[in-house]
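Have a look at the structure below, then the notes.
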Amino acid sequence: MDKFWGSNFSNKALKVRPSPIREMLSVVNQPGMISFAGGMPAPDVFPVKEFHEGTEVFLRDGPSLLQYGTTEGFTPLKEYLSEWTAPRMGRKAALDEMLLTSGSQQVLDLMGWAMIDPGDYVITEDPSYLAALTAFHNHGSRFIGIPTDAEGMVVDMLPEKIEKARSEGKKVKFIYTIVNFQNPAGCTLSLERRKKLVEISNKYGVPIFEDDPYGYVRFDGDHLPSIFSLDQEGGVIYAGSFSKILAPGTRIGWCTGSRDIIRKLTVFKQSTDLCSSPISQALIYEYCKKGYLDAHLPKIVADYRAKRDAMEDSFKKYLPLDEVSWVKPEGGFFYWIHMPHIDAEDLFKKAIEKKVAFVIGAPFFANGGGEHNARINYTYSTPDTIEEGVKRLGEAMREMLGKA
Ligand SMILES: Cc1ncc(COP(=O)(O)O)c(C=O)c1O
Numbered sequence: 457m458d459k460f461w462g463s464n465f466s467n468k469a470l471k472v473r474p475s476p477i478r479e480m481l482s483v484v485n486q487p488g489m490i491s492f493a494g495g496m497p498a499p500d501v502f503p504v505k506e507f508h509e510g511t512e513v514f515l516r517d518g519p520s521l522l523q524y525g526t527t528e529g530f531t532p533l534k535e536y537l538s539e540w541t542a543p544r545m546g547r548k549a550a551l552d553e554m555l556l557t558s559g560s561q562q563v564l565d566l567m568g569w570a571m572i573d574p575g576d577y578v579i580t581e582d583p584s585y586l587a588a589l590t591a592f593h594n595h596g597s598r599f600i601g602i603p604t605d606a607e608g609m610v611v612d613m614l615p616e617k618i619e620k621a622r623s624e625g626k627k628v629k630f631i632y633t634i635v636n637f638q639n640p641a642g643c644t645l646s647l648e649r650r651k652k653l654v655e656i657s658n659k660y661g662v663p664i665f666e667d668d669p670y671g672y673v674r675f676d677g678d679h680l681p682s683i684f685s686l687d688q689e690g691g692v693i694y695a696g697s698f699s700k701i702l703a704p705g706t707r708i709g710w711c712t713g714s715r716d717i718i719r720k721l722t723v724f725k726q727s728t729d730l731c732s733s734p735i736s737q738a739l740i741y742e743y744c745k746k747g748y749l750d751a752h753l754p755k756i757v758a759d760y761r762a763k764r765d766a767m768e769d770s771f772k773k774y775l776p777l778d779e780v781s782w783v784k785p786e787g788g789f790f791y792w793i794h795m796p797h798i799d800a801e802d803l804f805k806k807a808i809e810k811k812v813a814f815v816i817g818a819p820f821f822a823n824g825g826g827e828h829n830a831r832i833n834y835t836y837s838t839p840d841t842i843e844e845g846v847k848r849l850g851e852a853m854r855e856m857l858g859k860a
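Take a look at the structure:
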């Protein structure tokens, strides 16, 4: 082991795991590859011109924007967000119930700092967002996975799981759920289950972490009330993000919750990054206050809906339909497909030969499973490349099934 570094690494560093899909994804940049692998917005819908307009703020407020900001976040943006999110949150959150963060990914890490001791348990959906599992794992978390179906987490299973864990002396710290257009499964937690989840959380005193970066990207049907808005006891923390509705390069997200948890997260944020970029927060505020965000949302919804439809049509046209099933997502970025007779890792290798990439299902499960699943992104490609990519994927599947 290296004299300086390796021999001095922390236990955390020795246990940290690089993303299991990173290596796989290194092939994605090969020439001619069609990638359904990432989770990125379409670059051609970024509102470059409108965002750039906000840079005039430098001539007005340059010195303060180039200074350190407050850990809590840029007040005008918090005020805007409090108002803008009120319909979803059921009320206007007070400013000290909100924290602006460096992406919503930072909320995941801060929740780890505030809530998780090594050996504690977090309840997650099976499957769940890979970088959430990694962030919690880095704080020493173990996981209790709850299956999902077309209506999201099967919340009826929670009481038994919580009681069993407690009877075994396990500490269950919170329930992590991606309520809308889940990453990776694409599903949305039904209203009935949202209500039940709040009931269970209140009954057992297990808080809920409602992660909602995709909620505003809805193609069909009506928005559902957030879990935060259904809870009257202060047991829910809600995380949102500008990444999917504006641009991930802004690296700004937020969370809303009761003062107890927001204060703790703020203290940990102080030692993590002091503050999120004041420049970025001010540019977002300039953009939003001119009404550009409200005007932009219908554009991305229309663009991504057309791509979702292109993918749905291509699936029906090119995939072996008796061997693949999926639920059409009502919003968000992903399809999640199930292939009972195809190993996703083998399919990945075959697909790469045919120059189409996706993400295999297994890494999204904290405790194993998902070998016959794949996550397929549609927002990043054009409808034409979607059709060509799905055609290649269908060929790869048929070859694996011996039906080519
Ligand atoms: C479910 C979920 N939560 C959080 C994030 C983090 O997003 P960001 O840090 O860009 O806000 C992502 C990104 O893909 C995500 O899918």
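Residues 457 to 860 in the numbering used here are what the sequence shown spells out, letter by letter. For glycine and all other residues, C-beta sits at the position ideal for the given N, C-alpha and C.
Flag this pair as yes or no: are the beta carbons of residue i and residue j separated by less than 9 Å?
i	j	result
Phe530	Pro734	yes
Val563	Ala695	yes
Lys534	Trp782	no
Ile693	Thr557	no
Ile572	Ile631	no
Ala549	Thr712	yes
Pro429	Gly677	Past the boundaries of the shown model lies residue 429; the chain is included only from 457 to 860, so the question cannot be answered.
Thr421	Leu566	Lying before the first or after the last residue shown, residue 421 is absent from the chain, which here runs from 457 to 860.
Glu843	Lys773	yes
Lys811	Ile490	yes
Ile832	Phe492	yes
Asp668	Ala588	no
Ser770	Arg547	no
Phe821	Asp582	yes
Gln638	Tyr670	yes
Val635	Val662	no
Glu506	His752	yes
Phe675	Gly787	yes
Ser475	Thr604	no
Run through DSSP, which three-state label would residue i get?
i	result
Phe771	helix
Pro720	For the sequence presented, residue 720 should be read as Lys rather than Pro. Correct three-state label for Lys720: helix.
His794	strand
Arg674	strand
Gly696	strand
Pro603	strand
Ser491	strand
Asn833	strand
Asp729	helix
Thr557	strand
Tyr632	strand
Gly510	helix
Asp778	coil
Asp668	coil
Gly845	helix
Ile708	coil
Val472	coil
Thr580	strand
Met545	helix
Ile808	helix
Would the C-beta of residue i count as close to ligand 2, meaning under 8 Å from any of its heavy atoms?
i	result
Arg707	Because ligand 2 does not appear in the structure shown, any question about it cannot be addressed here, the ligands present being ligand 1.
Is there at least one Cβ from chain D nearer than 9 Å to residue i's Cβ?
i	result
Val846	Looking for chain D here will not work: only one protein chain is present.
Go through its chain and collect everything with a Cβ distance to residue i's Cβ below 7 Å, but skip five positions before and after it.
i	result
Asn823	Phe599 and Gly601
Pro450	Nothing about residue 450 can be reported from this structure: the residues present for the chain run from 457 to 860 only.
Tyr741	Phe530, Pro532, Leu533 and Tyr536
Pro796	His828
Ile664	Phe630, Ile631, Thr633, Leu653, Ser657, Ile683, Gly691 and Val692
Val611	Arg649, Lys652, Leu653 and Ile656
Cys731	Tyr524, Gly525, Thr526 and Thr527
Closer than 6 Å by C-beta to residue i: which residues in its own chain qualify, once you throw out the five before and the five after it? Chain order, please.
i	result
Thr841	Ile490
Glu809	none
Trp540	none
Lys413	The structure shown has nothing for residue 413, since the chain only spans 457 to 860.
Ile868	Since the first residue shown for the chain is 457 and the last is 860, residue 868 is missing from the structure and cannot be characterised.
Within its chain, find whatever has a CB closer than 8 Å to the CB of residue i; leave out the 5 residues flanking it on each side and keep chain order.
i	result
Met545	Ser682, Phe684, Ser685, Tyr694 and Thr712
Leu647	Leu680 and Pro681
Ala852	Leu803, Lys806, Ala807, Glu809, Lys810 and Val812
Glu553	Thr712, Gly713, Ser714, Arg715 and Ile718
Ala800	Ile816, Gly817, Ala818, Gly826, Glu827, His828, Asn829 and Ala830
Which residues count as close to ligand 1 when the rule is a CB under 6 Å from any of its heavy atoms, in chain order?
Shown in chain order are the residues whose CB sits closer than 6 Å to a heavy atom of ligand 1: Gly495, Gly559, Ser560, Gln561, Tyr585, Ile634, Asn639, Asp667, Pro669, Ser697, Ser699, Pro704 and Gly709.
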